[in-house]
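Below is one structure, written out as structure tokens; comments come after it.
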Amino acid sequence: MNPLLQTLQPYPFQRLRALFSDVEANTSKPAISLSIGEPKHPPPELAVSAMSQNLSKVAHYPATLGLPELRQTIASWLKRRFELKSVDWSQQVLPVNGTREALFAFAQAVIRPNSQALVLSPNPFYQIYEGAALLAGANLHYLNCTAENGFIPDFDSISDEVWDDCQLLYLCTPGNPTGALLSLEKMQQLIRLAQQHDFIIASDECYSEIYFDEQAPPSGLLQASAAMGHTDFPKCVVFHSLSKRSNLPGLRSGFVAGDAEILERFALYRTYHGCAMPLHHQLASIAAWDDEAHVLANRSMYREKFSSVLKILQPAMDVALPDAGFYLWPRLEYSDAEFAQKLYATQNVSVLPGSFLAREANGINPGENRLRLALVAEAALCIEAAERIVSCLDSL
């Protein structure tokens, strides 16, 4: 077996199951889960219909590169959404089976294994970044995201020596779990550093379509690159998904876009990896990427939920509206793991301890004494969960 498998840590939800294993939930109350970021809003009928009408396509092998029509639709969406003048669908866009798979595989394709190979990651983080780096034979350098730095890594504090060893920088904007946004200016600073120190930026932008101000959508890495005059997006690769934007997590549909030279090599890797998206999924994806009405409606539902839930929670705990995304990241005066246990035992509500999403770095675990609350369920359940959280806090 690959000895690097021993470096992997248990996934957060595995740790959560272990945390609850000796706890008896209060089953007099219906179970409510805020622990997993799986959207529960209805998927767009146009995508479901497109898939059901094309089920006969299962009789055909799909190509790794995907249908030209899908890549063209994605390129058009990128241009509209991020105000890009041009995106070459044939060289700068690659469909993938969900961004989780692609974020993992990307590190395997781009890392040059050696004892100095370094991957930089925000902390807390989506654990795929860590596993991808470790199995690629790289070391991790964690960038703490705390309230003091606005949940944005202090990139200015990173030494030239660290940047020189860096081969891959993972970004997540909007952040999971913090919801923090990187500014266009900060992305441009990182692009200049990538060019100076020869590393690749992988920007996970899966939550970019869930935000609260319709006049201020989150910026993207390709947008930042283009604003610098770099329409070839050197060193820049972005990851987008239909899971959150269109409530289609089971479709496993996303894309990678950016630097054509990097994508050419990544496509070669994927040819061997055997991960082409099924044709009926591609046709459903075309329908979803080509429609914004359902995305507007989706944001409206989240906006109303956050407003209702925060009215309940804010008088009782330290919690604020995030910049974007569908998570709350409240701070507690108690152990996050112990509170999660008590909440489960007394209120039958599942939440994810923040410390499970981070690692200790520079003497702290930046997720400690925090919770990740995924407001993905229907509004009534989220409101009831918030009321039960307050009841649990009152009991303490």
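Mapped onto my numbering, the consecutive letters of the sequence shown carry residue numbers 2 to 397. Backbone N, C-alpha and C define an ideal beta-carbon position, used for all residues, glycine too. Model, not experiment: these values are computed from the prediction.
Taking L344 as the centre and dropping the five residues before and after it, the same chain places the C-beta of V350, V352, I390, C393 closer than 7 Å to its C-beta, in chain order. Take T8, set aside five residues on each side of it, and the residues of its chain with a beta-carbon closer than 7 Å to its own are L135, in chain order. Pairwise C-beta distances place the segment 172–182 in contact with the segment 121–137, as three or more of them are shorter than 8 Å. Within the DSSP secondary-structure output, G259 pairs in a beta bridge with V238. Residue pairing for H142: DSSP places it in a beta bridge opposite L121. Restricting attention to beta strand (DSSP E) runs no shorter than 3 residues, the segment 338–393 encloses them at 372–375, ordered along the chain.
A residue is called buried when at least 16 other Cβ atoms come within 10 angstroms of its Cβ; L333 meets this threshold and is buried. By a beta-carbon distance limit of 8 Å, P250 contacts P40. Their separation comes to about 6 Å. Bounds of the beta strand (DSSP E) holding Q168 are 167–173. Of the candidates A108, G259, P96, F240, the residue whose Cα lies closest to the Cα of L280 is P96. Looking from the CA of E210, the closest CA among A32, S309, A258, S301 belongs to S301. The shortest CA-to-CA distance from G132 to any of H282, P316, Y12, L297 is the one to Y12. The beta carbons of P323 and G180 sit about 2 Å from each other, so the pair counts as a contact at 8 Å. Between G138 and A118, the CB-CB gap stays under 8 Å. The Cβ-Cβ distance between D260 and F240 does not fall below 8 Å. Contact holds between the segment 188–207 and the segment 221–231, because three or more Cβ pairs, one in each stretch, are under 8 Å apart.
The three-state reading of DSSP puts D161 in helix, counting H, G and I together. In the structure shown, R253 falls within a coil segment according to DSSP collapsed to helix, strand and coil. Taking the Cα of F327 as reference, the smallest distance to any Cα among Q315, L314, M318, Y303 is reached at Y303.
D214 and Y273 have their alpha carbons spaced roughly 42 Å apart. In the DSSP assignment, L223 falls within the alpha helix (DSSP H) that extends over 222–228. Of the candidates A341, E186, R360, R360 places its Cα closest to the Cα of Y130. Three or more pairs of CB atoms, one per stretch, sit closer than 8 Å, so the segment 281–296 contacts the segment 46–60.
The DSSP-derived three-state label of Y62 is coil. In this structure A103 does not touch W90 by the C-beta definition: roughly 17 Å separates them, more than the 8 Å allowed. Under the DSSP definition of a beta bridge, Y328 partners with A375. Taking every protein chain shown into account, the CB of V320 has 16 or more other CB atoms within 10 angstroms, so this residue is buried. Taking a C-beta distance under 8 Å as the contact criterion, D291 and T100 do not qualify as a contact pair.
At least 8 Å separates the beta-carbon of A317 from that of V24. Annotation for I201: the continuous beta strand (DSSP E) segment containing it runs 201–205.
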